[in-house]
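Visitor: Going left to right, the sequence shown walks through residues -9 to 217 as this note's numbering numbers them. Backbone N, C-alpha and C define an ideal beta-carbon position, used for all residues, glycine too.
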Amino acid sequence: MEHQDLVWYGYYNTVEINEKYSVLSEIQERHFINPVAQHQLVFRSNLQRKLGEQWNVSGGITYFLQSPNNPESESDLVVPEIRPDIGFGYQQKINSVTINHRYKAEARFFHDTKNDELVGGFRFSNFRFRYQLGVDIPIIKDKETKQNKLIVKIKDEVMLNAGRKIVKNVFDQNRVYLALNYQFNKALAMEIGYMNWYQQRSSGVDFYRRDIFRFSLFHKISLKPKQ
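1. For Y188 and V(-3), what's the separation of their Cα atoms in angstroms?
2. If I follow the unbroken beta strand (DSSP E) through S35, where does it start and stop?
3. Is it true that the CB of E96 sits closer than 8 Å to the CB of D75?
4. Just the Cα atoms here: how many angstroms apart are L229 and E134?
5. Would you check if the distance between the CB atom of K216 and the CB atom of A177 is smaller than 8 Å?
6. Could you check if Q44 is buried or exposed, using at least 16 other CB atoms within 10 Å of its CB as the buried criterion?
7. For a quick check, are the C-beta atoms of Y172 and K131 less than 8 Å apart?
8. Assign G42 to one of two classes, buried (16 or more other C-beta atoms within 10 Å of its C-beta) or exposed (fewer than that).
9. Do D126 and K143 have their CB atoms nearer than 8 Å?
10. Output needed for I129: all residues of its chain with C-beta closer than 7 Å, excluding positions within five of it in sequence on either side, in chain order.
11. Assuming the contact rule is C-beta atoms closer than 8 Å, M149 and R118 should be a hit. Round their C-beta distance to whole Å, please.
12. Please confirm whether N186 and V166 have their CB atoms less than 8 Å apart.
13. Straight-line CA distance for H(-7) to D201?
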């Protein structure tokens, strides 16, 4: 098993178009710590529609830039990936605690490579199915607005691969996440967290175990007509 340390920086933007529709976008920069080296750069955008009070459905696309998984690699090859996806979310309340379920299916298209260079175009690789369970526990509330100010977030996500090319790594990875989320106001929040990323290699023989520190900024823009 290979151990690696990383830092992720993320900006997450939500544009509320109306009561039902929102556009969710994000940019994530991910790099190794020791030694410092680029790992991944992620651009994602989804259109989300509410289905009643508890369910939502979303669809979108991710543009993913993958640098070598070894921070000491002498290769500077960056492999692009395109991922269209569709997902469903379900939210339930138990007193002040919020439980979130997210189900997502992705189709993965990687750019062809040869002799450490990009050649040709994109080729379908496999499907990936993801399930995330999240629990939000409010710790501090604003006395005047009654809005949550400080929230503990706990998440676990498992990912499974499917497709003809998947032989030895049906199990892809598991991510466990713990964070503190501070709400400045309804439009802006900051989050600091730790993630343990356990991933099986395509050979099915060995694994990566990654300790990740995450710094995230959440920004919400409302285009809904004011009441």
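Guide: So, to answer that:
1. Distance between the alpha carbons of Y188 and V(-3): 15 Å.
2. Element bounds for S35: 27 to 41.
3. Contact flag set, yes.
4. Because the chain spans -9 through 217 in this model, residue 229 falls outside it and cannot be assessed.
5. Their beta carbons are not under 8 Å apart, which means K216 does not touch A177 by this criterion.
6. With a 10 Å radius around the Cβ and a threshold of 16 neighbouring Cβ atoms, Q44 comes out exposed.
7. No, these two residues do not count as a Cβ contact at 8 Å.
8. That one is exposed.
9. In terms of Cβ geometry, D126 and K143 form a close pair [threshold 8 Å].
10. Short of 7 Å from the beta carbon of I129, and not among the five residues preceding or following it, lie these beta carbons of its own chain, in chain order: L140, I141, V142.
11. The beta-carbon separation of M149 and R118, rounded to 6 Å, stays under the 8 Å limit for a contact.
12. Taking 8 Å as the cut-off, the Cβ atoms of N186 and V166 count as close.
13. As the crow flies, the alpha-carbon of H(-7) is around 8 Å from that of D201.
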